[in-house]
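Student:
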Amino acid sequence: MGLFSRRPPAPAAPAFPAPRQAARQWLDVPFSEKDEAKSAGARWDPATERWYAPPGRMRQLEQWAALPDLPDLLPGEDRTLGGGLFVDLVPQSCWWTNTRSALREESWDRVRRMVYRRAGNRCEACDASRADGARLEAHERWEYAGGVQHLRRLICLCQPCHTTTHMGLAQIRGAAGSAARHLMDVTHMTPAQAGAHIEAAFATWRTRSAQSWELDLSMLSGLGLRLTPEAAAKRDAARRAGRDDAWVPRVMPRRDDDADDSDPCSGAATLTITPVYGDGDGWPFRH
Ligand SMILES: [Zn+2]
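So in the numbering used here, the last one in the sequence shown is 294, and the numbering has no gaps at all.
Printed below as a string of structure tokens:
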């Protein structure tokens with residue numbers, strides 16, 4: 008071997024080669040079907056909060072095979088809309104007409120999983136991280152125009168930021184004081200600024216609640232998401248009337264006893280929210 012034909016040294020082989028790991032076979036299991044999936048062999052991954060099929064069990068679990076992840080930017084979405092933390096009250100006339108109530112559970116799970124993933128599993132308002140124990144939720148940003156409530160953005164919020172955003176519901180739950188404190192912590196508003204901000208949000212809410220709104224979820228069209236039977240029936244009626252396919256008309260208000268208290272975006276149908284000062288949760292402002 009000549010002086011100039013020396014080969015570069017071969018890279019050192021790892022002492023213990025990593026075992027080849029097959030990609031995990033994820034499942035989309037609606038909550039109502041979790042027991043059935045579990046007895047068919049599905050396992051729960053607490054880190055990702057997702058079900059998966061152990062090796063060799065996919066055949067029995069085929070009905071829950073996960074659909075592909077959604078793209079990181081939805082059609083027509085504006086991720087610059089409504090940045091940061093602010094109180095944003097859904098008009099009373101829109102309650103029960105949100106994205107979650109129009110989508111089947113497994114489809115909503117696909118949506119929120121994408122929202123968490125693209126945010127790096129952090130709150131997009133205060134930067135709280137799931138790795139540090141923050142519970143994350145997907146929140147909708149709407150634009151209201153011409154009698155239509157248009158879905159324009161989905162944002163990943165931690166639970167305290169989400170509760171603050173829905174200040175009216177926080178008040179009903181006796182949590183307005185901690186929500187207001189969280190607002191001030193995150194935005195550095197003074198108490199007077201926070202009070203003025205919340206009052207302005209309630210004034211907007213009262214104006215918007217005086218009319219009814221159609222729901223436009225066209226941002227979620229073409230993604231293979233499935234509507235609930237109620238929402239699909241409304242959509243089909245709209246199609247027959249010659250409306251745009253992407254349009255999802257309002258899902259009519261449900262009865263109170265259907266109230267899903269775990270979903271702050273949906274509100275509660277018969278409660279009237281007014282700003283209250285000095286509630287039991289230590290609301291710091293007294294006028
Ligand atoms: Zn947050």
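Heads up, the beta-carbon is just placed ideally off N, CA and C, and yes, glycines get one too.
Let me confirm a value: Phe93 is counted as buried when at least 16 other C-beta atoms fall within 10 Å, else exposed. Which label applies?
Tutor: As a working note, residue 93 is residue 86 in the sequence shown. Result: buried.
Student: For a minimum of 3 consecutive residues, which ranges assigned as the beta strand (DSSP E) are wholly contained in the region 74 to 162?
Tutor: Here the runs fully enclosed are 143 to 152.
Student: What does the Cβ neighbour count give for Thr106, buried or exposed, with the cut at 16 atoms within 10 Å?
Tutor: Here the question's residue 106 lines up with position 99 in the sequence shown. The residue is buried, with at least 16 neighbouring Cβ atoms inside 10 Å.
Student: Just confirm the distance between the C-beta atoms of Asp42 and Trp71, as a whole number of angstroms; I'd bet it's less than 8 Å.
Tutor: Residue mapping note: residue 42 aligns to position 35 of the sequence shown, counting from 1. Residue mapping note: residue 71 aligns to position 64 of the sequence shown, counting from 1. Incorrect: roughly 13 Å between the Cβ atoms, too far for contact.
Student: What I want to know is whether the C-beta of Ala135 ends up closer than 8 Å to one or more non-hydrogen atoms of ligand 1.
Tutor: Indexing the sequence shown from 1 puts residue 135 at position 128. For ligand 1, at least one heavy atom lies less than 8 Å from the Cβ of Ala135.
Student: Is the CB-CB distance between Leu158 and Glu144 below 9 Å?
Tutor: Position 151 of the sequence shown, counting from 1, holds the residue named residue 158. Position 137 of the sequence shown, counting from 1, holds the residue named residue 144. In this structure, Glu144 does not lie closer than 9 Å to Leu158 by Cβ.
Student: Tell me, which residues are paired with Leu164 by DSSP?
Tutor: Taking the first residue of the sequence shown as 1, we reach residue 164 at position 157. DSSP, once it has assigned bridges, lists Glu144 as partnering Leu164.
Student: Considering only DSSP beta bridges, list what Arg66 is partnered with.
Tutor: Here residue 66 refers to the residue found at position 59 of the sequence shown. DSSP lists no partner for Arg66.
Student: Would you mind reading off the limits of the alpha helix (DSSP H) that contains Gln200?
Tutor: For the purposes of this step, residue 200 is identified with residue 193 of the sequence shown, where counting begins at 1. Element bounds for Gln200: Pro198 to Ser216.
Student: Give me, in chain order, the residues of the same chain whose beta-carbon lies closer than 6 Å to that of Met191; leave out the 5 immediate sequence neighbours on both sides.
Tutor: Translated into positions along the sequence shown, residue 191 becomes position 184. Closer than 6 Å at Cβ, skipping near neighbours: Ala201.
Student: Could you tell me the distance, in whole angstroms, from the CA atom of Ile7 to the CA atom of Leu68?
Tutor: Past the edges of the chain, shown from 8 to 294, lies residue 7, and the structure says nothing about it.
Student: For Gly153, count neighbouring C-beta atoms within 10 Å of its own C-beta (all shown protein chains included) and say buried if the count is 16 or more, exposed if not.
Tutor: Position 146 of the sequence shown, counted from the start, is the residue given in the question as residue 153. Exposed is the call here.
Student: Starting from Glu43, follow the alpha helix (DSSP H) in both directions and report where the run begins and ends.
Tutor: Counting from one through the sequence shown, the residue named residue 43 turns up at place 36. Looking at the DSSP string, the run of the alpha helix (DSSP H) that includes Glu43 is Lys41 to Ser46.
Student: Smallest Cα separation from Glu131: which of Val97, Pro167, Tyr59 and Ala109?
Tutor: What you label residue 131 is simply residue 124 of the sequence shown in a count that begins at 1. For Glu131, the nearest C-alpha among the options comes from Pro167.
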